[in-house]
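Asks: Take a look at the following structure, please.
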Amino acid sequence: MLGEFEYLLITAAAGLGDRAYGAPIREEIEVTTGRRCSIGALYTTIDRLEKKGLLKTWMSDATPQRGGRAKRMVRVTPKGVQAAKDFYDAVTRVSRGASWVVNRTGRAS
Amino acid sequence: MTSTHWPLVEVAARLLERDEREAVLGDLLETGEGAWQGLLDVLGLVVRRQLSHWKNWQPWLAVFGLALPGSLILMGVSVSVSSMYERLIDHRILIGSSHVIHEVFLQLLCRGLLLIGCSWACGFVMRSLSRRTLWVSSASSCIACLFCLVRFREPSLSRLCLFLFLLPAIWGARQALRLVRINLALAIFLAIAITTLMILPSNSRGLWTLNWSLVWPAWYIVATAQGAGRTVGRN
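Heads up: the protein sequence lines correspond to chains A and B, in order. This note's numbering puts the first residue of the first sequence at 22, with every later residue one more than the last. This note's numbering puts the first residue of the second sequence at 846, with every later residue one more than the last.
Below, the structure is given as structure tokens:
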């Protein structure tokens, strides 16, 4: 089972597709959650997920942008997609009947 | 990112591995993060990386099983070798029988070889066990050296005598850095030689039983060379 931050990272990377690397993933997480995402948390989580086989990373060629620094590109593996689906399903199931869910869907009795 | 503070961030990023350094510095440049925030980010990642190494047992063994006790014991052996050398060049012994000189010389040779072998093996294993935490192991060794240096009270010997083990230990550590593979036969020869040399002088008064703890690094080299298809284990 994924952790919350792991799920956020996989979802952000999957959404970014071919443009998924450190800076945009971090920005996506920060914009979505409204919380600061440290580089330390981001890269250690990427490493952990890669070790679990949920992500694949590789270094891109250096480009003149970013001061000629290479990017660490990220791709979500099929196993990562499945893990994210499982997490989402679990959160959805466990949230059924929760007051905030009921209130949001406007189906409160 | 202000250009004046950028070098600070780059210096901190040197503590990261090359690829990660590239990616992180590029990300910071791209997002235009503030200098201090960027520095904190880099240092935060460095701390996380360093801490993650300590989840393994190897760095712990390198510090508490090798660097600290090994340095202390090897300093003892260094002093023992120096004392023996001093005895050999002492004129009172030189005027004695050639049998005594021969015996002292033989003992000195054995202990000298033992010191070199054990120090080399300790340096080699310490480097193999703590590739990414070598600075902690080295610092632990330095603390042990400082402790002995402060407490050293032997008027006839120079304090430098304590550190005879350092050169072969550094040589061993450098070899571990360069050698991906070590010859199994050579490892066995080294282990047997150290064990034999340890047995020989232990019959005399100089060496004490704790010195036997210096033997395990040599056998560790044999075990890892054997277990990993003649490849020395690396952390």
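The beta carbon of each residue, even a glycine, is placed where N, CA and C say it ideally should be. Since the structure is predicted, the reported quantities are computational estimates derived from the model, not experimental observations.
Is Gly38/A buried or exposed, if buried means 16 or more other CB atoms sit within 10 Å of its CB?
Replies: On the first sequence, residue 38/A is found 17 positions in, with the first residue counted as 1. The residue is exposed, with fewer than 16 neighbouring Cβ atoms inside 10 Å.
Asks: If you reduce the DSSP assignment to three classes, tell me which class Trp899/B lands in.
Replies: Taking the first residue of the second sequence as position 1, residue 899/B is located at position 54. In the structure shown, Trp899/B sits in coil (DSSP, three-state: anything other than H, G, I, E or B).
Asks: Kindly list, in the order they appear in chain A, the residues whose Cβ is closer than 8 Å to that of Leu874/B.
Replies: Start at 1 with the first residue of the second sequence, and residue 874/B comes out as number 29. The contacting residues are Arg87, Gly88 and Arg90.
Asks: Check whether the Cβ atoms of Arg93/A and Thr78/A sit closer than 8 Å, and answer yes or no.
Replies: Walking along the first sequence from the start, residue 93/A turns up at place 72. Walking along the first sequence from the start, residue 78/A turns up at place 57. Their beta carbons are under 8 Å apart, which means Arg93/A touches Thr78/A by this criterion.
Asks: Take the Cβ of Met929/B as the centre, count every other Cβ of all protein chains shown within 10 Å, and call the residue buried at 16 or more, exposed below.
Replies: Here the question's residue 929/B lines up with position 84 in the second sequence. Result: buried.
Asks: Taking Ile60/A as the reference, give the member of Ala880/B, Ile1044/B, Leu890/B and Trp1057/B with the closest Cα.
Replies: In the first sequence, counting from the first residue as 1, residue 60/A sits at position 39. Of the listed residues, the one whose Cα sits closest to Ile60/A is Leu890/B.
Asks: Residues of chain A with CB closer than 8 Å to the CB of Asn865/B, please, in chain order.
Replies: Position 20 of the second sequence, counting from 1, holds the residue named residue 865/B. Here residue 865/B turns out to be Glu, not Asn, going by the sequence shown. Ordered by position in chain A, the residues that pass the 8 Å Cβ test against Glu865/B are Tyr64 and Arg93.
Asks: Which residues, taken in chain order from the stretch 27-53 of chain A, show a beta carbon closer than 8 Å to some beta carbon of chain B?
Replies: Tyr42, Gly43, Ala44, Arg47 and Glu48
Asks: Can you check DSSP and say which residues form a bridge with Trp79/A?
Replies: One-based indexing of the first sequence puts residue 79/A at position 58. Looking at the DSSP assignment, Trp79/A forms a beta bridge with Met94/A.
Asks: Note down, in chain order, every chain A residue with its Cβ under 7 Å from the Cβ of Arg893/B.
Replies: Within the second sequence, the letter at position 48 stands for residue 893/B. Those are Gly61 and Thr65, listed as they occur along chain A.
Asks: Quick check: the stretch 1019-1030 of chain B against the stretch 1052-1065 of chain B, are at least 3 beta-carbon pairs closer than 8 Å?
Replies: no
Asks: Can you pull the chain A neighbours of Val869/B, defined as C-beta to C-beta under 9 Å?
Replies: As a first step, residue 869/B is located in the second sequence; it is residue number 24 there, counting from the start. Near Val869/B (Cβ distances below 9 Å), the residues of chain A are Gly43, Ile60, Tyr64, Arg90 and Arg93.
Asks: Count the other C-beta atoms from every protein chain shown that fall within 10 angstroms of the C-beta of Met971/B, then say buried if there are 16 or more, exposed otherwise.
Replies: As a first step, residue 971/B must be located in the second sequence, where it is residue number 126. With 16 or more Cβ atoms within 10 Å of its Cβ, Met971/B is classed as buried.
Asks: Using a cut-off of 9 Å between C-beta atoms, extract the partners of Gly889/B located in chain A.
Replies: Sequence index remark: in the second sequence, residue 889/B carries index 44 (1-based). The answer, in chain order, is Ser59, Ile60, Gly61 and Ala62.
Asks: Please report the straight-line C-alpha distance between Leu860/B and Gly55/A, rounded to a whole angstrom.
Replies: The count along the second sequence starts at 1 and reaches residue 860/B at position 15. The count along the first sequence starts at 1 and reaches residue 55/A at position 34. Rounded to whole angstroms, Leu860/B to Gly55/A spans 30 Å at the Cα level.
Asks: In chain order, what residues of the stretch 894-921 of chain B put their CB closer than 8 Å to some CB of chain A?
Replies: Arg894 and Ser897
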